[in-house]
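Colleague:
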Amino acid sequence: MTMSAGDTLTQDHAPVEDVGAHKGIEGRSLGQIAWFRLKHDKIAMLSMFMIILILLLAILAPLITKVLGVDPTTFYRAAVDPDKGFLPKGGPLGSGISGDHLLGVEPGTGRDTLARLLYGARISLLIALSATVVSVVIGTILGALAGYLGGKMDAFISRLMDLLLAFPQLILLIAMTPVFVTLLDQLGVPGTPGRVLYLIVFIGFFGWPYFGRIIRGQVLSLREREFVEAARSLGAGTGHVLFRQLLPNLWASILVFSSLIIPTYIGTEAALSFLGVGVVPPTPTWGNMLGDSVRYARVDPLYLFIPGLALFTVVLFFNLFGDALRDVLDPRGSR
Amino acid sequence: MTLRKNAVRLAAGGAVLALTATACGGGGGSSSSTKSSGAPKGDKGGTLNVLLIADFEHLDPQRNYVSSALNFGSRLLTRSLTGYASVPGPNGSQLVPDLATDLGKPSDGNKTWTFTLKDGVKFEDGSAIKCADVKYGVERSMSDQITAGPQYAKQYLVGGDKYVGPYKDGGKGLDSIQCTDDKTIVFKLNKAIGDFNYTTSLPTFSPVPKAKDTNIKYDDHPVSTGPYKIQSYARQKSLVLVRNENWDPETDTIRKAYPDKIVATFGLDPAVIDQRLIADAPQDQTAIMLDSSIQAENLASVLNDPNLKKRTAAGLDGFVRYLAINTVKVKDLKVRQAIEYAINKESYRGTRGGADAGDYATGTITPVMKSHKDFNVYDAPPTGDPAKAKGLLTSANAMGFKLKIDFANTPTNAKSGAAFKEALDKAGFKTTLNPINPDTYYDVIGKPKTQNELSLAGWGPDWPNGSSVIPPLFDGKQIVPEGNQNFAQLNDPEVQAKIAAANNETDLTKQAALWGDLDELIMQKAAVVPLIYGKTNQIAGSKVKNVYLHAFYGELDMAALAVQ
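If you're matching them up, the sequences are chains R and W in order. With the numbering used here applied, the first sequence closes on residue 1133, and no number is skipped along the way. With the numbering used here applied, the second sequence closes on residue 567, and no number is skipped along the way.
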């Protein structure tokens, strides 16, 4: 793949040409080129490192909290002051930060903020990542079908996407929650697992049209290319063309889109938990931590700041990484 | 009892709780209860400013049903047949005659109640208040156009359920309200009610002159019978009251009417109300808060400052917060008793801000009522007694008993729910939480079929007697498929027989004792876990006198406030 005028990140040029001159001409795959360029993008590497770190922290939450001797649901009564309205005892800015509670405790209960933050990350990331998978799978299949088959199929899928894009998702989600939660209850998936499943399916389902449109556009241009015509003229079926010929050319878009949509979904999950349609207490998520902390903004500002910072960090690094990935994989994409 | 309207009051209570719960986040030391310095005294004159979050829902007496509006309307503008004394402390919930000469005379086995109007009581236009005006007022409360008010008249009076109100009855009126002469009014009830005179304290029983009735527009200018009349009323903005020259203090033992003028300002942020009253700038020195309480971030600093604390009033808000045990789903008394011992009230109260949120409750009748009885059926510390709970659960062969707790999904309730779960699981239960959308909470748990084992609820009575607590919450006959309020779903013949007996007792002192005994009996049957008697803190400007919380209204007493 050649560099095009559309690429605006000039610092990317240097390493590629540099190395090329040094090592001489060598056949390199698209993946190798991309990885090479990614490696030399400092922001990309930093955000990748941070994302891996956050994922590790979330996955290892039970282990970390065990080592620290804290638990997300235990009420640490010694850490709150019954004479001062059960606000955290001591610590900077009334946060209750101490050797036992590295990020302080929750006002009113004394539950450990760090433990709740780590366990909250598990739920937030699980929902965001899974919903992304749902969006990407549905979006790729339907988008590719619409683009490749054209005609009535295209019209039907495109109108469906328009319809879903026009839906006020958040309001619908809030309105539908009681209905679906009861349904899941009856199907034997009660409480938090049921709500998590529901959020994944719902967020994922309403997100796919954004992606479906991009894929459809890509396929529309790809299907006129020579290699597709060659495959068809050799008698390849729709399935073969879609998955063997087109899909490999779509990977770049899929990766870029996924990394950009994950932070959006993290935000959506937080917003929903903030509004009280999220998981069932006492399961923590960043959204419900933020929802509770707003009232304590004056007396315990760090309690608001900590989950806010966590959300900010994750969203920022996923976005930065997504941007970098787009520059690397899809140099023609405009900013 | 009117299910829907009480639910409204319940919901309003929820809002009050939200305010007080926030108010308590900052928490000072446990504050002393209402100062009890005898009858309030003050100087006449001056202007009292009332700073409010929102306009009153209704001042039309037949539509007035929400705390602050009740306090403001009943204490300043619209008198009823009976009312409540304006004194600090628990005596404030003492029933006293208002427009009537006495507390009414029951006859015919408590099915007929006769009241006599005082001499010299007048409307703001100088015309004398006659029996026909009271009759007309009660009749209009039954019209479907006069909404949002209590519906007791419709339920209690003979033929009330079928009566369509004075606008559509073709001038016939309701026969069960009789005027034997201009001064004497007789109510015929469809059942024996020994304390009907508590019901007549509601503004439903305020007189309305038929000629001045403007239907729903009456809300903007109810014709005053009290010490003040409306001078101007800009909805959502401000309300100005001036003296009603036709009110004779000789006829009124309740209202002190010290200020010459009362100005209410609506649409203020509760934080702004706090700041203005704390700052005590000259124009706010004669101001009070009414529909808000001191906010979380300010409470600690206010209560720790002796100069500010002097200007505050702390006390019970009249609400009881409790966890109803669904006796249909939790049939075994031992399991219910185990729940009583397991619940950690200290940690529940902590999630609402500690001691400033309320006092630990042992029954459902709050201590500000005469019917309150001091007892503690489950003698456990506030932190609960998990060992005893475990023992009961084991002896009932019910270790791992599954409980699901219904609560309105607010951040504070989510923490309270977690506190219940922690305590119950420790005692050997298996608890899950069921957060429900706050807007529909009481509708959802009001369906007995789908209600879960435990439901978090609050109750503020319509009048300060056990008859407004025990029957609506525990009478098995009042369990309905939708809009149910008997959240314990208690359907117990012994309780029902005693409710009937208490309802039929005319001697209010004796009746109060009967309600107290019933409260204790219901606790022995472990139908609810009483959590706290809610508390509230209000503050007034430095030139306001007689600053105390009224035992029934749970707010500063509008009838007694004075300015220097």
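Virtual Cβ for every residue (Gly too), placed ideally from N, Cα, C.
(1) Anyone know if the C-beta pair for R/Val977 and R/Tyr996 falls short of 8 Å?
(2) Under a Cβ-count criterion, where at least 16 other Cβ atoms within 10 Å of its own Cβ denotes burial, should R/Pro1046 be classed as buried or exposed?
(3) Looking at R/Ala1122: is its Cβ nearer than 8 Å to the Cβ of R/Ile850?
(4) In the DSSP assignment, what residue or residues form a beta bridge with W/Lys348?
(5) Taking the runs of the alpha helix (DSSP H) that are 4 residues or longer, which of them lie wholly in the region 256-321 of chain W?
(6) If you drop the 5 nearest sequence neighbours on each side, which residues of the same chain put their C-beta closer than 6 Å to that of W/Gly123?
(7) At a CB-CB cut-off below 8 Å, which residues of chain W make contact with R/Thr1083?
(8) State whether the region 1093-1102 of chain R contacts the region 916-929 of chain R, with contact taken as three or more CB pairs (one from each stretch) at a distance under 8 Å.
(9) What's the gap between the Cα of R/Ala877 and the Cα of W/Lys450?
(10) Take R/Leu943 and list the residues in its own chain whose beta-carbon comes closer than 7 Å to its own, dropping the five residues that flank it on each side.
(11) Quick one, which residues of the region 425-452 of chain W are near chain R if we go by CB-CB under 7 Å, in chain order?
(12) Evaluate the contact criterion for the region 487-502 of chain W versus the region 434-454 of chain W: three or more CB pairs, one atom per stretch, below 8 Å.
(13) Using a Cβ-Cβ distance cut-off of 8 Å, determine whether R/Val868 contacts chain W.
(14) If you count every other CB in all the chains shown that lies within 10 Å of the CB of W/Glu497, and 16 or more means buried, which is it?
(15) Is it right to say W/Gly30 is buried, meaning 16 or more other beta carbons lie within 10 angstroms of its own, or is it exposed?
(16) Buried or exposed for W/Ala26, going by 16 or more other Cβ atoms inside 10 Å?
(17) Which of the residues in the region 888-915 of chain R, read from start to end, lie with their CB under 7 Å from any CB of chain W?
(18) Please report the Cβ distance between W/Leu476 and W/Thr367, rounded to the nearest whole angstrom; I am assuming they are in contact, meaning their Cβ atoms lie under 8 Å.
(19) Applying the criterion that 16 or more other CB atoms from any shown protein chain within 10 Å of the CB defines a buried residue, is W/Gln234 buried or exposed?
(20) Would the beta-carbon of W/Ala392 fall within 8 Å of that of W/Ala327?
(21) Chain R partners of W/Ser350, CB-CB under 8 Å?
(22) Given that a residue counts as buried once 16 or more other Cβ atoms are within 10 Å of its Cβ, and exposed if not, what is R/Gln785?
(23) Excluding five sequence neighbours on each side, which residues of the same chain lie with their C-beta closer than 6 Å to the C-beta of R/Ile1059?
(24) So which residues of chain R does W/Gly357 contact, with C-beta pairs closer than 7 Å?
(25) Determine the chain W residues that contact R/Pro976 at a beta-carbon separation under 9 Å, and present them in chain order.
(26) Please confirm whether W/Lys334 and W/Asp520 have their CB atoms less than 8 Å apart.
(27) Let me know the beta strand (DSSP E) ranges lying completely inside the region 171-232 of chain W, each 3 residues or longer, listed in chain order.
(28) Cutting at 8 Å between CB atoms, please list the residues of its own chain near W/Pro438, excluding the five before and the five after it.
(29) Does the beta carbon of W/Gly353 sit closer than 8 Å to a beta carbon anywhere in chain R?
(30) For W/Met561, collect the residues of the same chain with a Cβ closer than 6 Å to its Cβ; drop the 5 residues on either side in sequence, then sort them by chain order.
(31) Rounded C-beta distance between R/Gly937 and R/Trp1006? I'm assuming under 8 Å.
(32) Answer yes or no: does any C-beta atom of chain W fall closer than 8 Å to that of R/Val1078?
(33) Apart from the five residues just before and just after W/Gln181, which ones in its own chain have a Cβ nearer than 6 Å to its Cβ?
(34) State the Cα-Cα distance for the pair W/Arg3 and W/Lys373, rounded to the nearest angstrom.
(35) Which of the three DSSP states, helix, strand or coil, is assigned to W/Gln541?
(36) Give the single residue among R/Lys864, R/Pro905, R/Asp869 and R/Leu900 whose Cα lies nearest to the Cα of R/Phe884.
Modeller: On the basis of the data shown:
(1) Numbered from 1 along the first sequence, position 179 holds the residue referred to as residue 977 of chain R. Numbered from 1 along the first sequence, position 198 holds the residue referred to as residue 996 of chain R. The Cβ atoms of R/Val977 and R/Tyr996 lie no closer than 8 Å to each other.
(2) Working through the first sequence from its first residue, we reach residue 1046 of chain R at position 248. Taking a 10 Å sphere around the C-beta of R/Pro1046, we find fewer than 16 other C-beta atoms and assign the residue as exposed.
(3) Counted from its first residue, the first sequence places residue 1122 of chain R at position 324. Counted from its first residue, the first sequence places residue 850 of chain R at position 52. No, the pair does not count as a contact, with Cβ atoms beyond the cut-off.
(4) Position 345 of the second sequence holds residue 348 of chain W. In DSSP, W/Lys348 forms no bridge with anything.
(5) Secondary structure within the region 256-321 of chain W: the alpha helix (DSSP H) runs of 4 or more consecutive residues, fully enclosed, are 273-282, 299-306 and 309-312 (chain order).
(6) If you number the second sequence from 1, residue 123 of chain W lands on position 120. Here W/Gly123 has Asp251 and Thr254 as same chain residues with Cβ atoms under 6 Å from its own Cβ, once five neighbours each way along the sequence are excluded.
(7) Taking the first sequence and counting its residues from 1, one reaches residue 1083 of chain R at position 285. In chain order: nothing, as chain W lies at least about 11 Å away.
(8) The region 1093-1102 of chain R is not in contact with the region 916-929 of chain R.
(9) As a position in the first sequence, residue 877 of chain R is number 79, starting the count at 1. As a position in the second sequence, residue 450 of chain W is number 447, starting the count at 1. Distance from the CA of R/Ala877 to the CA of W/Lys450, rounded to the nearest whole angstrom, comes to 40 Å.
(10) As a first step, residue 943 of chain R is located in the first sequence; it is residue number 145 there, counting from the start. Sequence-distant partners of R/Leu943 (beyond 5 residues in either direction) whose C-beta falls short of 7 Å from its own C-beta, in its chain, are Met951 and Ile955.
(11) Listed in sequence order: Glu425, Thr435, Leu436, Pro438 and Asn440.
(12) Between the region 487-502 of chain W and the region 434-454 of chain W, the count of Cβ pairs shorter than 8 Å is three or higher; the stretches touch.
(13) The sequence position of residue 868 of chain R within the first sequence is 70, counting from 1. No, no contact with chain W.
(14) If you number the second sequence from 1, residue 497 of chain W lands on position 494. Around the beta-carbon of W/Glu497, fewer than 16 other beta-carbon atoms lie within 10 Å, marking it exposed.
(15) Translated into positions along the second sequence, residue 30 of chain W becomes position 27. With a pLDDT of 31 at W/Gly30, under the threshold of 50, the predicted position of this residue should be treated as unreliable, though the coordinate-derived value follows. Answer is buried; the Cβ neighbour count reaches 16.
(16) For the purposes of this step, residue 26 of chain W is taken as the residue at position 23 of the second sequence. Caution applies to W/Ala26, whose pLDDT of 31 falls short of 50 and renders its modelled position unreliable; the value that the coordinates give is listed next. Result: buried.
(17) Residues of the region 888-915 of chain R with a C-beta atom less than 7 Å from some C-beta of chain W are Pro905, Gly906 and Thr907, listed in chain order.
(18) For the purposes of this step, residue 476 of chain W is identified with residue 473 of the second sequence, where counting begins at 1. For the purposes of this step, residue 367 of chain W is identified with residue 364 of the second sequence, where counting begins at 1. Between W/Thr367 and W/Leu476 the Cβ distance is about 6 Å, and since that is below 8 Å, they are a contact.
(19) Here residue 234 of chain W corresponds to residue number 231 of the second sequence, with the count starting at 1. The Cβ neighbour count for W/Gln234, taken over all protein chains shown within 10 Å, is under 16; the residue is labelled exposed.
(20) The sequence position of residue 392 of chain W within the second sequence is 389, counting from 1. The sequence position of residue 327 of chain W within the second sequence is 324, counting from 1. Their beta carbons are not under 8 Å apart, which means W/Ala392 does not touch W/Ala327 by this criterion.
(21) Numbered from its first residue, the second sequence carries residue 350 of chain W at position 347. Result: Phe873, Arg875 and Thr907.
(22) Because residue 785 of chain R is not part of the residues shown, which for chain R are 799 to 1133, the question remains open.
(23) By 1-based counting over the first sequence, the position of residue 1059 of chain R is 261. The beta carbon of R/Ile1059 lies closer than 6 Å to those of Thr930 in the same chain, with the five residues before and after it left out.
(24) For this step, residue 357 of chain W is matched to residue 354 along the second sequence. For W/Gly357, the chain R residues whose Cβ falls inside 7 Å of its Cβ are Pro880, Gly883 and Phe884, in order along the chain.
(25) Within the first sequence, residue 976 of chain R is the residue found at index 178, counting from 1. Ordered by position in chain W, the residues that pass the 9 Å Cβ test against R/Pro976 are Ile439, Asn440, Thr443 and Val447.
(26) By 1-based counting over the second sequence, the position of residue 334 of chain W is 331. By 1-based counting over the second sequence, the position of residue 520 of chain W is 517. The Cβ-Cβ distance between W/Lys334 and W/Asp520 does not fall below 8 Å.
(27) For the region 171-232 of chain W, whole beta strand (DSSP E) runs of length 3 or above, ordered along the chain, are 180-184 and 187-191.
(28) The count along the second sequence starts at 1 and reaches residue 438 of chain W at position 435. Sequence-distant Cβ neighbours of W/Pro438 in its own chain, meaning closer than 8 Å and more than five residues away, are Phe410, Ala411, Asn412, Asn416, Ala417 and Gly420.
(29) As a working mapping, residue 353 of chain W is identified with position 350 in the second sequence. Taking Cβ atoms only, chain R reaches closer than 8 Å to W/Gly353, which makes this a yes.
(30) Here residue 561 of chain W refers to the residue found at position 558 when the second sequence is read from its first residue. Contacts found: Asn74, Phe75, Arg78 and Leu79.
(31) Sequence index remark: in the first sequence, residue 937 of chain R carries index 139 (1-based). Sequence index remark: in the first sequence, residue 1006 of chain R carries index 208 (1-based). 4 Å between Cβ atoms; contact.
(32) Taking the first residue of the first sequence as 1, we reach residue 1078 of chain R at position 280. Residue contact with chain W for R/Val1078: present (Cβ-Cβ distance below 8 Å to some residue of chain W).
(33) Reading the second sequence from its first residue, position 178 is the one you call residue 181 of chain W. Only Val189 meet the Cβ criterion.
(34) Nothing can be reported for residue 3 of chain W: it is not among the residues displayed for chain W, which extend from 4 to 567.
(35) Locating residue 541 of chain W in the second sequence gives position 538, counting from the first residue. DSSP places W/Gln541 in strand when its eight states are reduced to three.
(36) Reading the first sequence from its first residue, position 86 is the one you call residue 884 of chain R. The residue with the shortest Cα to Cα distance from R/Phe884 is R/Pro905.
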